[in-house]
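My numbering applies: residue 13 is where the sequence shown begins, and numbers increase by one.
I have placed the structure first, in the form of structure tokens, so that the comments after it can refer back to it.
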Amino acid sequence: MLEIRRYTPVQKQAWNDFVSCSKNGTFLLDRDYMDYHADRFTDHSLMVYRRNKLYALLPGNRTGDTFYSHQGLTYGGLIMSDKTVAADVVQIFRLLNDLLRQEGIRKVIYKAIPWIYHRQPSDEDLYAVVEVCGATVSRGLSSAVSRDHLNKWYRIRESGAKYARKMGLTIQETDDYKPFWQVLSNNLRERYGLLPVHTVEEIELLHRCMPDHIRLIVVKEGSETVGGTVLYVSDRVVHSQYIAASPRGKQIHALDLLFDVVIRQALASHAYFDFGISTERHGTYLNEQLIYQKEGFGGRGVCYDWYEWKL
Numbered sequence: 013m014l015e016i017r018r019y020t021p022v023q024k025q026a027w028n029d030f031v032s033c034s035k036n037g038t039f040l041l042d043r044d045y046m047d048y049h050a051d052r053f054t055d056h057s058l059m060v061y062r063r064n065k066l067y068a069l070l071p072g073n074r075t076g077d078t079f080y081s082h083q084g085l086t087y088g089g090l091i092m093s094d095k096t097v098a099a100d101v102v103q104i105f106r107l108l109n110d111l112l113r114q115e116g117i118r119k120v121i122y123k124a125i126p127w128i129y130h131r132q133p134s135d136e137d138l139y140a141v142v143e144v145c146g147a148t149v150s151r152g153l154s155s156a157v158s159r160d161h162l163n164k165w166y167r168i169r170e171s172g173a174k175y176a177r178k179m180g181l182t183i184q185e186t187d188d189y190k191p192f193w194q195v196l197s198n199n200l201r202e203r204y205g206l207l208p209v210h211t212v213e214e215i216e217l218l219h220r221c222m223p224d225h226i227r228l229i230v231v232k233e234g235s236e237t238v239g240g241t242v243l244y245v246s247d248r249v250v251h252s253q254y255i256a257a258s259p260r261g262k263q264i265h266a267l268d269l270l271f272d273v274v275i276r277q278a279l280a281s282h283a284y285f286d287f288g289i290s291t292e293r294h295g296t297y298l299n300e301q302l303i304y305q306k307e308g309f310g311g312r313g314v315c316y317d318w319y320e321w322k323l
């Protein structure tokens, strides 16, 4: 009744159509987004059929004897339709383990889709990975603002936004990513010795492919970009994928004003605004300074779970 097949590019349209109608998929799981870094990963995505009709998807890649769902994505769990039921999901994971074992896979890293992104309840997979696979979990902690339960801002954030407004800073959406990318790159290099996951050319490409889903909002002092955020816009959630301010931007509270504007606009049309995780080392370390800032804007905890099991 249930059959799992490997994805090939021939099924791209069928994959994308299923994601768009699924109960828990987002644009990150669309092949137009996933395939921008196809050269970095060995794709091992799977398609589940029930009575020869597409029933579920599992984005994935393989590295050695490990299957990831998906190593290049923030999350990439089982994508289900509203017809997908618990007993079938249990069976899917049994079949999945058998298939991967036959292919020489010895370990699975499963990155579940956080519940705030679900269009309707979709946690059947979280039950199955424990019941069927005996998975262990590592847990990142994000901070999200709920439209239905707004929390009061910390005074430091409110006063910062007022100060930035008095300084004459302006907020605008732009297609010019380069000035902000310089601010972001300098920030990451100085604080962590890292560079952004995306190059500026990659993020510009993704924006051109998905302009409604990937947007850049910047803060300017005159003509100078002093801060900004790249927003990933899905059906229920506006997610801040990148956040950065220049030294001058930090001095004049550019991000306080930015999020005063961005959060209000996001929650006018979406259920949640998600700041992203503030944990490091697979969830074993909480960056208290980082999460304090996000909680100051009213954000509260949402878990990003990674499950692991051996075959």
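In this text, a Cβ means the ideal position worked out from N, Cα and C, and glycines have one as well.
- For Glu136, the secondary structure class from DSSP, reduced to helix, strand or coil, is helix.
- For Arg201, the enclosing alpha helix (DSSP H) has its first and last residue at Lys190 to Tyr204.
- DSSP places Tyr175 in the uninterrupted alpha helix (DSSP H) bounded by Arg167 to Lys178.
- For Glu15, the closest of Met46, Gln25 and Phe105 by C-alpha to C-alpha distance is Phe105.
- The three-state reading of DSSP puts Arg74 in strand, counting E and B together.
- The three-state reading of DSSP puts Tyr48 in helix, counting H, G and I together.
- Rounded to the nearest whole angstrom, the CA to CA distance from Lys262 to His161 is 28 angstroms.
- Around the Cβ of Asp268, a 10 Å sphere holds 16 or more other Cβ atoms; the residue is buried.
- Here the region 134-148 does not lie against the region 226-237, with fewer than 3 beta-carbon pairs under 8 angstroms apart.
- Of all C-beta pairs linking the region 145-155 to the region 301-320, three or more are shorter than 8 angstroms, placing the two stretches in contact.
- Under the three-state reduction of DSSP output, Phe53 falls in the coil class, being neither helix nor strand.
- In this structure, the beta-carbon distance from Ile275 to Phe309 falls below 8 angstroms.
- Taking a 10 Å sphere around the C-beta of Asp51, we find fewer than 16 other C-beta atoms and assign the residue as exposed.
- Within its own chain, the residues whose Cβ lies closer than 7 angstroms to the Cβ of Tyr166, once the five positions on either side in sequence are excluded, are Gly308, listed in chain order.
- If you compare the alpha carbons of Met59, Lys35 and Thr75 with that of Thr20, the shortest gap goes to Met59.
- Judged by DSSP in its simplified three-state form, Val60 adopts strand.
- Nearest neighbour of Arg118 by Cα position, chosen from Tyr80, Ile125 and His265, turns out to be Tyr80.
- Looking at Thr291, Gln114 and Ile215, the one whose alpha-carbon comes closest to that of Asp77 is Gln114.
- Our two residues, Tyr304 and Ile289, have alpha carbons roughly 12 angstroms apart in a direct line.
- Around the beta-carbon of Lys95, fewer than 16 other beta-carbon atoms lie within 10 Å, marking it exposed.
- For the region 98-166, the full-length alpha helix (DSSP H) segments reaching 4 residues or more read 98-114 and 136-143 along the chain.
- The three-state secondary structure of Leu207, taken from DSSP, is coil.
- Leu196 is the residue among Leu196, Ile215 and Glu213 whose C-alpha sits nearest the C-alpha of Leu206.
- Secondary structure of Leu323 (DSSP, three-state): coil.
- Here Asn64 is exposed. Its C-beta has fewer than 16 other C-beta atoms within 10 Å.
- Rounded to the nearest whole angstrom, the C-alpha separation of His130 and Ala280 is 18 angstroms.
- Take the alpha-carbon of Ala26 and the one of Ser32: they are about 10 angstroms apart.
- In this structure, the alpha-carbon of Lys123 lies about 43 angstroms from that of Lys178.
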